[in-house]
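**Student:** Below are the structure tokens for one structure; questions will follow.
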Amino acid sequence: MPNRFIVGNWKMHKTISQAETLIQDILAMYQPHPSVELAVAPPYVALQAVSQLLTNTSIKLAAQNVYAKNEGAFTGEISPAMLKELGCHYVIIGHSERRHLFRESDHIINEKLHAALHHGLQPIFCIGECLEEREAGQTHSVIQHQLQTGLAGLETQDLHNITIAYEPVWAIGTGQAATVEQATEVHAAIRSSLVTHWNMDSTQIRILYGGSVTPENAQALFQSPHINGALVGKACLNSESFVKIAKLAISG
Ligand code: 13P
Numbered sequence: 101m102p103n104r105f106i107v108g109n110w111k112m113h114k115t116i117s118q119a120e121t122l123i124q125d126i127l128a129m130y131q132p133h134p135s136v137e138l139a140v141a142p143p144y145v146a147l148q149a150v151s152q153l154l155t156n157t158s159i160k161l162a163a164q165n166v167y168a169k170n171e172g173a174f175t176g177e178i179s180p181a182m183l184k185e186l187g188c189h190y191v192i193i194g195h196s197e198r199r200h201l202f203r204e205s206d207h208i209i210n211e212k213l214h215a216a217l218h219h220g221l222q223p224i225f226c227i228g229e230c231l232e233e234r235e236a237g238q239t240h241s242v243i244q245h246q247l248q249t250g251l252a253g254l255e256t257q258d259l260h261n262i263t264i265a266y267e268p269v270w271a272i273g274t275g276q277a278a279t280v281e282q283a284t285e286v287h288a289a290i291r292s293s294l295v296t297h298w299n300m301d302s303t304q305i306r307i308l309y310g311g312s313v314t315p316e317n318a319q320a321l322f323q324s325p326h327i328n329g330a331l332v333g334k335a336c337l338n339s340e341s342f343v344k345i346a347k348l349a350i351s352g
């Protein structure tokens with residue numbers, strides 16, 4: 101498992117043709133390195149086109165969301181099996197936009213994590229506190245609660261297939277990233293919680309930082325031993341800045 105992992109979350113950006121152009125530009129510029137794994141999460145409708153262009157490349161495909169059921173009368177939803185067939189390797193679960201704009205509860209997120217793992221999709225499980233929670237000194241209790249409820253019922257071996265993304269809500273899309281010290285402190289707490297409560301080997305845990313990551317601040321973040329990579333929003337919509345961030349992640 102490469103020790104660095106960079107994921108581009110395209111959110112609700114790029115039509116199918118724009119997605120094709122973006123991934124072709126990334127592929128033309130990106131030089132794979134064994135220490136870094138790269139994944140992109142286009143919108144659902146562009147997954148097939150991007151999947152085809154990623155065939156026989158080292159870049160992995162991720163979905164931005166999934167529903168927890170196999171099939172049925174769930175209008176507008178997409179199942180884990182559908183994503184698998186499209187070539188998705190990863191799926192983002194519990195993103196703060198899903199939690200806040202679409203009212204996804206910890207319970208729903210827990211069901212999605214179980215369903216994704218059951219179908220062989222590797223979740224990128226997002227957690228993070230809001231500004232008011234940080235200002236009230238509740239960051240650690242919020243993070244612990246999201247971990248305990250989100251990961252409820254999962255075994256240590258399941259956890260080996262999960263990447264955690266710490267995305268403080270106040271840093272997402274604001275241009276104000278967490279400082280290296282702020283991110284490191286929370287990442288260290290997440291790591292020790294996974295070791296204590298899930299008996300994990302700390303070297304097997306990948307924890308990404310997300311929230312206003314740019315080519316300008318990525319290098320400093322990646323110098324922290326607790327930060328294994330980044331979940332990138334705005335800066336992944338431009339091939340140059342995304343590839344630059346991936347390059348800065350090369351280690352050893
Ligand atoms: P920005 O990089 O645009 O702040 O978005 C971060 C994010 O939400 C990635 O999932």
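Take 101 as the starting number for the sequence shown in the numbering used here and just add one per residue.
Glycine included, C-beta positions come from ideal geometry on N, C-alpha and C.
So, for Ala-215: in the same chain, excluding its five sequence neighbours on each side, which residues have a beta-carbon less than 6 Å away from its beta-carbon?
**Tutor:** The answer, listed in chain order, is Ala-168, Pro-180.
**Student:** Going by beta carbon distance, what residues of the same chain come within less than 8 Å of Gln-222, once the five residues before and after it are set aside?
**Tutor:** Excluding residues within five positions, the ones whose Cβ falls inside 8 Å are His-189, Tyr-190, Val-191, Ala-216, Asn-261, Ile-262, Thr-263.
**Student:** On the DSSP bridge assignment, give the partners of Glu-137 in chain order.
**Tutor:** According to DSSP, which records beta bridges pairwise, Glu-137 is partnered with Phe-105.
**Student:** Please state whether DSSP places Lys-160 in a helix, a strand or coil.
**Tutor:** Three-state DSSP puts Lys-160 in a strand.
**Student:** Let me confirm a value: Gly-311 is counted as buried when at least 16 other C-beta atoms fall within 10 Å, else exposed. Which label applies?
**Tutor:** When all chains shown are included, Gly-311 counts as buried.
**Student:** In the DSSP assignment, find the unbroken alpha helix (DSSP H) run with Ile-272 in it and report its ends.
**Tutor:** Premise fails: Ile-272 is in no alpha helix (DSSP H) and is neither H nor E.
**Student:** What did DSSP end up calling Gly-329 once you bin it into helix, strand or coil?
**Tutor:** Gly-329 falls in the strand class under three-state DSSP.
**Student:** What is the rounded straight-line gap between the Cα of Glu-197 and the Cα of Gln-131?
**Tutor:** Between Glu-197 and Gln-131, the C-alpha separation is close to 31 Å.
**Student:** Taking the straight line between their C-alpha atoms, what separation do you get for Leu-299 and Thr-239?
**Tutor:** The question names Leu, but residue 299 in the sequence shown is Asn. Answer to the nearest angstrom: the Cα atoms are 23 Å apart.
**Student:** What's the gap between the Cα of Asn-156 and the Cα of His-133?
**Tutor:** Going from the Cα of Asn-156 to the Cα of His-133 covers about 15 Å.
**Student:** Can you have a look at Ala-252 and say buried or exposed, based on whether 16 or more other CB atoms are within 10 angstroms of its CB?
**Tutor:** Exposed, because fewer than 16 other Cβ atoms sit within 10 Å of the Cβ of Ala-252.
**Student:** Per DSSP, Val-191 is paired with what?
**Tutor:** BP columns for Val-191 point to Ala-163, Pro-223.
**Student:** Taking its Cβ as the centre, do 16 or more other Cβ atoms sit within 10 Å of Gly-108, making it buried, or is it exposed?
**Tutor:** Looking at its Cβ environment, which holds 16 or more other Cβ atoms inside 10 Å, Gly-108 is buried.
**Student:** Which residues in the same chain as Cys-230 place their Cβ atom closer than 6 Å to its Cβ, once the five residues preceding and following it in sequence are excluded?
**Tutor:** Val-269.
**Student:** Pick helix, strand or coil for Ile-307, following the three-state DSSP scheme.
**Tutor:** Reduced to three states, the DSSP call for Ile-307 is strand.
**Student:** So, does the stretch 319-338 touch the stretch 277-293, judging by three or more C-beta pairs under 8 Å?
**Tutor:** Contact holds: three or more Cβ-Cβ distances are below 8 Å.
**Student:** Express the C-alpha separation of Asn-210 and Leu-247 in angstroms, rounding to a whole number.
**Tutor:** Going by the C-alpha atoms only, they are around 10 Å apart.
**Student:** For my contact list, Ala-346 and Val-313 are in at a C-beta cut-off of 8 Å; report their separation, rounded to the angstrom.
**Tutor:** Not a contact, Cβ separation roughly 11 Å.
**Student:** Going by DSSP, which residues form a beta bridge with Ala-265?
**Tutor:** Its beta-bridge partners are Cys-226, Leu-308.
**Student:** Beta carbon of Leu-308, beta carbon of Leu-337: below 8 Å?
**Tutor:** The answer is no: Cβ separation not under 8 Å.
**Student:** Would you check whether ligand 1 has a heavy atom nearer than 7 Å to the C-beta of Lys-334?
**Tutor:** Flag set: Cβ of Lys-334 near ligand 1.
**Student:** With Ala-318 as the anchor, note down where its alpha helix (DSSP H) starts and where it stops.
**Tutor:** Unbroken alpha helix (DSSP H) run through Ala-318: 318-322.
**Student:** With a threshold of 8 Å on Cβ separation, who are the neighbours of Gly-275 within its own chain once the five nearest residues in sequence on each side are excluded?
**Tutor:** Answer for Gly-275: Ser-312, listed in chain order.
**Student:** Could you check the C-alpha separation between Ile-243 and Ala-236 for me, to the nearest Å?
**Tutor:** When rounded, the distance between both Cα atoms is 14 Å.
**Student:** Cβ of Leu-331 versus every heavy atom of ligand 3: is any distance shorter than 7 Å?
**Tutor:** This structure simply doesn't include ligand 3; it includes ligand 1 instead.
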